[in-house]
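Down below is the structure, laid out as structure tokens.
Numbering (my numbering), first residue to last: 257 to 321.
Below, the structure written as structure tokens:
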């Protein structure tokens, strides 16, 4: 069970890093916003990237040593 939580945590960290990169590109280069579909604009923000990273790191932190 703990390895499953670790795998989910790792995937959340990867999703957070990816969303952070895309969110940073959207922030610094606003002209790329037209290439991102409307339903993906909110989950690919820097704020949601922080949520993904925090949730993933929390799942990785609760693993027994």
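The C-beta atom is built at its ideal place from N, Cα and C for all residues, glycine as well.
**Between the CA atoms of residue 260 and residue 301 - distance to the nearest angstrom** = 27 Å
**Asked** Between the beta-carbon of residue 268 and the beta-carbon of residue 311, is there less than 9 Å?
**Response** yes
**Asked** Taking just the CA atoms, how far does residue 288 sit from residue 281?
**Response** 8 Å
**Prompt:** What residue range is occupied by the uninterrupted alpha helix (DSSP H) comprising residue 278?
**Reply:** 258-284
**Request:** Under the assumption that residue 299 contacts residue 275 (Cβ atoms under 8 Å), give the Cβ distance between them as a whole number of angstroms.
**Result:** 7 Å
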